[in-house]
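Report on the following structure.
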Amino acid sequence: MVEIRLRNSMTRKVERLEPIDPENVRMYVCGPTVYERAHLGNARPAVVFDVLFRLLRHVYGADHVTYVRNFTDVDDKINARAAETGRPISEITSETIAWYLEDMGALGVLEPTHMPRATAYIGAMIAMIGDLIAKGHAYEAEGHVLFSVGSYSNYGRLSGRSVDDMIAGARVEVAPWKRDPMDFVLWKPSDDSLPGWDSPWGRGRPGWHIECSAMAHELLGESFDIHGGGNDLLFPHHENEIAQSACAHPEGGFAKIWMHNEMLQVEGKKMSKSLGNFFTVRELLEQGIPGEVIRFVFLSTHYSKPMDWTQKKAEEAERTLLNWRTLIARLGVDAVADILRAPSINEEFFSALSDDLNSPGGRAILSNLASKVRAGDSHAAKELYGSMLLLGLDLNRDGILEILVAQIHDGKQRLNTQGEHSEKIGTLVAARGEAKKAKRFDEADRIRDALARAGVEVVDTPDGAIWTIGRGFDPAKLEGLL
Ligand SMILES: [Zn+2]
């Protein structure tokens, strides 16, 4: 069996993953609170843990991995958004969930096995809170139920902070119903204007932390293999999840390995609305940056390091993808057909990825493979293609490889999905070539720019000009160009 090693935030060591049940490897990742479009930083954990999901499926089998990523659809931020806009909460949350799935889908993120909505698990949350009260770890006060931090001696183990540090460093809410300022809310009362459910403590709604503990327990059991999320969740959210779950199910142990991805910056600065460098995944996609480019840029930095998103990196990633595609296509029709039929994964690349998801190391290995492909090595091409697939990057997206190979090797072949437009594009590219040959460079540039506006990229190669469907292909814009 292949060894996967992951850095455990709990032990602060890279550890070998030894699944509790290799027939059912289980992972929980905290999902979004759904009231607005995902920003670029929100996409990082989705991509990082998607790569881990793909790796686990590859090693243990697609049917032997259970991945749960929740939607927090009850939260005061959602309530505030509903009050601001006058829209029903259910409309806001359903719309945001659909957006999230659409945007993550564009980044090649697979849907997890389960995507529970917190509001579907209120009964499990109430049961767990009742259990915590019965075991002396929680208490009711003025319609609230609070977790008693002092009742759990391991509190602070994950974040490595003492309770005194936590009080000093965190914005701890001091409230008259708390016995200790560190105690956190499991349940809080709802007035008639807020969503609420009947409970033994009156009509109310859950605190955020209990949602994940209850959903993880319902879907993965008392103990499971991996719990992930952004490192902004490490404290207090994950510390509180552990306290709740360990006290409710003392035999279980909850998650064995805790993983945290670092945050994302933009052009070296923290992304923020006030700096004007804040953007959603959708905005980038609409600017014409393909989802695969965003994904490729993300994976060029190790998940445990801060990721700096820059325009330059996006441009480089896009060029690299096209370059690798062109190199493979130049191997010829038969070789490409064989590569697509039987891709394989490079061993060295696989070792890098299995070593705490070392995707930047993996990328360097892929660059070496690309050099071999340039020298005509079709086995290296199989490995480049197959290894990229494991990262969730399909070098034959939209049949691009087939488009390229058809142009390079046989202008008449029409294997591609954009076949109906190929002839027109081919004619325009040829007209540009004629214009260049006749030194009518203005005309050549005019055609190239018009093609670019329609989302067709023309690249000059030693084999002549080739084209590919690039940013935001819009066949309507080809009309009238001939
Ligand atoms: Zn969570």
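Position in the sequence shown (first residue = 1) + 697 = this note's numbering.
Here a beta-carbon is modelled for each residue, glycine too, at the ideal position from N, C-alpha and C.
Checklist entry - How would the residue list near ligand 1 read, in chain order, if you kept each one whose beta-carbon is closer than 5 Å to any heavy atom? => result C727, C909
Next on the checklist: With H, G and I counted as helix, E and B as strand and the rest as coil, what does DSSP make of S1048?
Outcome noted: helix
Checklist entry - Counting only runs that start and end within the segment 859 to 898, where is the beta strand (DSSP E) found for 3 or more residues in a row? => result 881 to 886
Item to check | Local Cβ density within 10 Å of N851, reported as buried at 16 or more and exposed below that | outcome: exposed
Item to check | Endpoints, alpha helix (DSSP H) assigned at E1080 | outcome: 1075 to 1087
Checklist entry - Within 7 Å (strictly less), CB to CB, does L981 reach chain B? => result The question asks about chain B, but that chain is absent: this structure has only one protein chain.
Next on the checklist: Taking the beta strand (DSSP E) that H914 belongs to, which residues open and close that run?
Outcome noted: No beta strand (DSSP E) holds H914; the alpha helix (DSSP H) holding it covers 905 to 917.
Item to check | Residue burial classification, E720 (beta-carbon count within 10 angstroms, cutoff 16) | outcome: exposed
Item to check | D929 burial status per 10 Å Cβ neighbour count (16 or more: buried) | outcome: exposed
Item to check | For N1043, the nearest candidate out of I1036, D1142, G1083, A1026 (CA to CA) | outcome: G1083
Item to check | K1009 to L996 span [Cα, whole Å] | outcome: 15 Å
Checklist entry - When the Cα atoms are used, what is the spatial distance from R734 to K970? => result 14 Å
Checklist entry - CA-CA distance, T998 and F750? => result 18 Å
Next on the checklist: Less than 7 Å between C-beta atoms, sequence neighbours within five positions excluded: which residues of the same chain meet that for V1141?
Outcome noted: Note that residue 1141 corresponds to Ala in the displayed sequence, not to Val. Closer than 7 Å at the Cβ level, and outside the excluded window around A1141, lie R1129, A1132, K1133.
Item to check | Beta carbon of G901 nearer than 7 Å to that of K885 | outcome: yes
Checklist entry - Buried or exposed: where does Q1104 fall if 16 or more other Cβ atoms within 10 Å of its Cβ makes it buried? => result buried
Checklist entry - Helix, strand or coil: how does DSSP classify N739 here? => result helix
Item to check | Three or more C-beta pairs below 8 Å linking the segment 838 to 856 and the segment 911 to 926 | outcome: no
Checklist entry - Are the segment 903 to 923 and the segment 715 to 731 in contact at 8 Å, needing three or more beta carbon pairs? => result yes
Checklist entry - Expressed to the nearest angstrom, what Euclidean distance is found between the alpha-carbon atoms of D895 and Y725? => result 28 Å
Checklist entry - Apart from the five residues on each side of it in sequence, which residues of its chain come closer than 7 Å, Cβ to Cβ, to K1069? => result A1077
Next on the checklist: Let me check one thing: in DSSP terms, what residues is Y725 bridge-paired to?
Outcome noted: V765, H924
Checklist entry - Can L891 and N776 be called in contact, C-beta distance under 7 Å? => result yes
Checklist entry - From the DSSP output, which residues share a beta bridge with Y836? => result L843
Checklist entry - Secondary structure at T1114, three-state DSSP: helix, strand or coil? => result Note that T1114 scores 43 on pLDDT, short of 50, meaning its location in the model is unreliable and no value can be drawn from it.
Next on the checklist: Need the endpoints of the alpha helix (DSSP H) that I986 sits in, please.
Outcome noted: Careful: I986 lies outside any alpha helix (DSSP H) and carries neither H nor E.
Checklist entry - What does a CB cutoff of less than 6 Å around A815 pick up in its chain, not counting 5 residues either side in sequence? => result T769, D770, V771, E908
Checklist entry - Taking the C-alpha atoms as reference points, what is the distance between A743 and I954? => result 18 Å
Item to check | Nearest-angstrom Cα separation, counted from A1135 out to L1175 | outcome: 23 Å
Checklist entry - Taking all protein chains shown into account, do 16 or more other C-beta atoms lie within 10 angstroms of the C-beta of P813, making it buried, or fewer, making it exposed? => result buried
Item to check | Rounded separation between P962 and E788 - CA only | outcome: Going by the sequence as given, residue 962 is Gln instead of Pro. Their Cα atoms are separated by approximately 31 Å.
Item to check | Exposure of F881, with buried meaning 16 or more beta-carbon neighbours within 10 Å | outcome: buried
Checklist entry - Residues bridged to D1005 by DSSP? => result Q962
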